[in-house]
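All residue numbers for the sequence shown refer to numbering that gives the first Met the number 0, where the first residue is 0 and numbers rise by one.
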Amino acid sequence: MNGRQVRDSICFKCCPVFNAQGRRFSALFYLLPLGNCNLILGTPWLILANPDINWRTLEVLLRPPVEACASEIAPPITSIPEEFKAFQKVFINDFFTTLPAHRSYDCAIPLGDGKDVPHGPIYPMTPSETAALKEHVDSELAAGKNRPSTSSAGAPVMFVKRADGRLRLVVDYCRLNAITIKDRYALPRQDELIEKLRHAKIFTKLDLRNGYNNIRIKEGDEWKAAFRTKYGHFEPTVIQFGLSNAPAVFQCFMNNMFRDLLDMTVIVYLDDILIFSNSREEHVQHVTEVLSCLQKHNLFCNPSKCVFFVTEVTHIGVVTPEGISMEQEKVKAIQEWPEPRNVKQVQSFLGFANFYCCFKDQPWVWEAAQRQAFHQIKTAISQEPVLAHPDESQPYTLETDASGATTGVVLSQRKDDGRLHPVALMSASFSPAELNYDTHDKELLAIIRAFEHWRIFLEATEHPVNVLTDHKNLEYWKLARTFNRRHARWHLIQASYNFVIAYGPRKQSQKPDALSRRADHSEMEPSPQIMLLETQFEGVGPEIAAPLLEQIKEALQDDPSLDTVMAAAADPDSMPHSIAAKFKDYTLQDGLLLYQVTFSLP
Numbered sequence: 000m001n002g003r004q005v006r007d008s009i010c011f012k013c014c015p016v017f018n019a020q021g022r023r024f025s026a027l028f029y030l031l032p033l034g035n036c037n038l039i040l041g042t043p044w045l046i047l048a049n050p051d052i053n054w055r056t057l058e059v060l061l062r063p064p065v066e067a068c069a070s071e072i073a074p075p076i077t078s079i080p081e082e083f084k085a086f087q088k089v090f091i092n093d094f095f096t097t098l099p100a101h102r103s104y105d106c107a108i109p110l111g112d113g114k115d116v117p118h119g120p121i122y123p124m125t126p127s128e129t130a131a132l133k134e135h136v137d138s139e140l141a142a143g144k145n146r147p148s149t150s151s152a153g154a155p156v157m158f159v160k161r162a163d164g165r166l167r168l169v170v171d172y173c174r175l176n177a178i179t180i181k182d183r184y185a186l187p188r189q190d191e192l193i194e195k196l197r198h199a200k201i202f203t204k205l206d207l208r209n210g211y212n213n214i215r216i217k218e219g220d221e222w223k224a225a226f227r228t229k230y231g232h233f234e235p236t237v238i239q240f241g242l243s244n245a246p247a248v249f250q251c252f253m254n255n256m257f258r259d260l261l262d263m264t265v266i267v268y269l270d271d272i273l274i275f276s277n278s279r280e281e282h283v284q285h286v287t288e289v290l291s292c293l294q295k296h297n298l299f300c301n302p303s304k305c306v307f308f309v310t311e312v313t314h315i316g317v318v319t320p321e322g323i324s325m326e327q328e329k330v331k332a333i334q335e336w337p338e339p340r341n342v343k344q345v346q347s348f349l350g351f352a353n354f355y356c357c358f359k360d361q362p363w364v365w366e367a368a369q370r371q372a373f374h375q376i377k378t379a380i381s382q383e384p385v386l387a388h389p390d391e392s393q394p395y396t397l398e399t400d401a402s403g404a405t406t407g408v409v410l411s412q413r414k415d416d417g418r419l420h421p422v423a424l425m426s427a428s429f430s431p432a433e434l435n436y437d438t439h440d441k442e443l444l445a446i447i448r449a450f451e452h453w454r455i456f457l458e459a460t461e462h463p464v465n466v467l468t469d470h471k472n473l474e475y476w477k478l479a480r481t482f483n484r485r486h487a488r489w490h491l492i493q494a495s496y497n498f499v500i501a502y503g504p505r506k507q508s509q510k511p512d513a514l515s516r517r518a519d520h521s522e523m524e525p526s527p528q529i530m531l532l533e534t535q536f537e538g539v540g541p542e543i544a545a546p547l548l549e550q551i552k553e554a555l556q557d558d559p560s561l562d563t564v565m566a567a568a569a570d571p572d573s574m575p576h577s578i579a580a581k582f583k584d585y586t587l588q589d590g591l592l593l594y595q596v597t598f599s600l601p
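Structure, rendered in structure tokens:
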């Protein structure tokens, strides 16, 4: 400012949050004497804020947020009914205006006593991921969702592909979650939600986009969620996907926001909003109230996942005016079981039904009577009371198994008779890429699929979900300190689930074992293997000419440094034990010295 050197005066740096012309910013500052000047905003802040500067009057004017004009240029969303066109803003892609204020339901990150916040390595990235990372860092800083950090914590980041092929940056918080004290705010009970829909005739389902961005991390806890990238060290100001307390905090936020409508015309499960009414006229009013509430709180929907004015919708089962019916996916593994073609396949199916023993010595007969019995058994297994209703007050048990081509999972709960009763069943084939996974990863993928498939039952449960697997190494998977990117991605998926993995021998896991070995899934071509005949290995080494061998023999006798080695190789019993042990891998063959199977040259 005045030409004076201040390099030696820089002792401290800080990252405060400040307001400028109604907008909030955070930036990294160095503390040093500036005389009458309080603050210098350098080039990094100018790039971030991108203000208009009047060099004649020396005034800096912040431009309106770029999102303010997005609604003017955004194309109309054709999937929105005419009655709700006034709420186009709610359905605009990636619409984020201002950073939300701190509120009572900010996300805290309480740590266990004596626990140090961990940090991890920077994961390598491809060129396309590196470019996406730079774009993400710049946009999140500009929006205020992240800010520079000097935290001692530093979680690694990685990219996962969305369903549409786009890259999504996620922070690997598995180590932070392991030492975080869990928020026990209860998620809605499925049976209570179902009860509210008993007499409804018409439904609208809304799916929120980036809902977590509307909840701040508790002031003073941001440093705990810091993450590291090749472009710098940052800490989030809003909830990040992967934090273990995020689902409970977000459910609290949604319940407070819709308190006046909750259970009257709306039920909410995390980012899924279901609006129900008895008539279309009432429904327009009810949906309008919900959209008004979303717009007021700057929450936005994904139009491609929203449905309006329907009489049947999937939400904890299939909801229709006639009532709640079971999702076919729960019993699909049974209903699609193919007809057996031999005794072994019949035994596999009857073993799943748990009474095949008395048929094991019968000859193979498959006629109309057997076919009818087979389909009757499938129907019986797929209906109540074999499939029990889920009870939120009781712990769930996941029995999983993976074969070479398929996963099988049974979701169960222990009832009053003390026995496990199945709640839902799943059987699915591996993709071509997944077929290449080793046994450990296939067994682990079965668990991951189950949690994703039955998220509505298993997320943020009061009791830990007991996962039973016949692969004992999986008991220690959650405790691993290092893992590859696939496992890191799976850790993120399971961050919001409360579960323990326990080993159970295969003989105790017949139900998922049968599901993972359905005949139609197991009929796969074996992987091609290239086998070489023994003749292909004959004469592959170079032939050594006889004159050269004689020269090597003579040189061995003339090399005094090899005298001890030659003597030990010729007669090891005559040598001291220490020398014989030292040269035990040397042998003499036709006057040539060999070390194991290779020539030793003088």
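We put the beta carbon where it would ideally sit given N, CA and C, even for glycine.
Query: When you compare the CB positions of V408 and A449, do they come within less than 8 Å of one another, or not?; Result: yes
Query: To the nearest angstrom, how far is the alpha carbon of A580 from that of A567?; Result: 9 Å
Query: Hey, L269 and F249: beta-carbon distance below 8 Å or not?; Result: yes
Query: Give the straight-line distance between the Cα atoms of F582 and D437, rounded to the nearest whole angstrom.; Result: 41 Å
Query: Give the straight-line distance between the Cα atoms of P246 and S402, rounded to the nearest whole angstrom.; Result: 33 Å
Query: Round the Cβ separation of L419 and E442 to the nearest angstrom and send it over; I've been treating them as touching at under 8 Å.; Result: That pair is no contact at about 20 Å.
Query: Output needed for H462: all residues of its chain with C-beta closer than 6 Å, excluding positions within five of it in sequence on either side, in chain order.; Result: P394
Query: Where does H490 land, buried or exposed, given buried means 16+ other C-beta within 10 angstroms?; Result: buried
Query: Kindly indicate which residue of M425, V312, I52 has the alpha-carbon position closest to the one of L196.; Result: V312
Query: From D271 to T264, what distance separates their C-alpha atoms?; Result: 14 Å
Query: Beta carbon of I500, beta carbon of T468: below 8 Å?; Result: yes
Query: To which residues does DSSP link P421 through a beta bridge?; Result: S411
Query: Within 10 angstroms of its Cβ, does K229 collect 16 or more other Cβ (buried), or is it exposed?; Result: exposed
Query: Taking the alpha-carbon positions, what's the M574 to M565 distance?; Result: 11 Å
Query: Flag this pair as yes or no: are the beta carbons of F158 and R146 separated by less than 8 Å?; Result: no
Query: Run through DSSP, which three-state label would S426 get?; Result: strand
Query: Taking just the CA atoms, how far does F252 sit from F28?; Result: 34 Å
Query: By how many angstroms is the C-alpha of I52 removed from the C-alpha of G241?; Result: 40 Å
Query: Find the nearest neighbour of R165 within the set E128, K181, H198, judged by alpha-carbon distance.; Result: E128
Query: Quick one: using the 10 Å Cβ neighbour count with 16 as the cut-off for buried, is A569 buried or exposed?; Result: exposed
Query: State the beta-bridge partners of T438 as determined by DSSP.; Result: Note: T438 sits in no beta bridge, so no partner.
Query: Please go through the region 243-280 and give each complete beta strand (DSSP E) segment of 3 or more residues, from N-terminal end onward.; Result: 265-268, 271-276
Query: Verify whether the separation of the beta carbon atoms of L61 and Q20 is less than 8 Å.; Result: yes
Query: Given 8 Å as the limit, is there contact between the region 126-144 and the region 102-112, that is, 3 or more CB pairs closer than that?; Result: no
Query: What residue range does the beta strand (DSSP E) around Q588 cover?; Result: 585-588
Query: Beta-carbon separation of T399 and A445 under 8 Å?; Result: yes
Query: Between the region 170-188 and the region 206-217, are three or more C-beta pairs nearer than 8 Å?; Result: no
Query: Are there 16 or more other CB atoms within 10 angstroms of the CB of K160, so buried, or fewer, so exposed?; Result: exposed
Query: Could you compute how far the alpha carbon of T125 sits from the alpha carbon of L132?; Result: 10 Å
Query: Around the Cβ of I201, are there at least 16 other Cβ atoms within 10 angstroms (buried) or fewer (exposed)?; Result: buried
Query: Starting from K133 and walking both ways along the alpha helix (DSSP H), at which residues does that stretch end?; Result: 126-142
Query: Output the distance between the C-alpha atoms of D589 and Y475, rounded to the nearest integer angstrom.; Result: 55 Å
Query: By a C-beta neighbour count over all protein chains shown, 10 Å radius and 16 as the cutoff for buried, is A85 buried or exposed?; Result: exposed
Query: Could you tell me which residues DSSP pairs with C173 in its beta bridges?; Result: In the DSSP output, where bridge partners are listed per residue, C173 has none listed.
Query: Is the distance from the Cβ of T179 to the Cβ of S243 below 8 Å?; Result: yes
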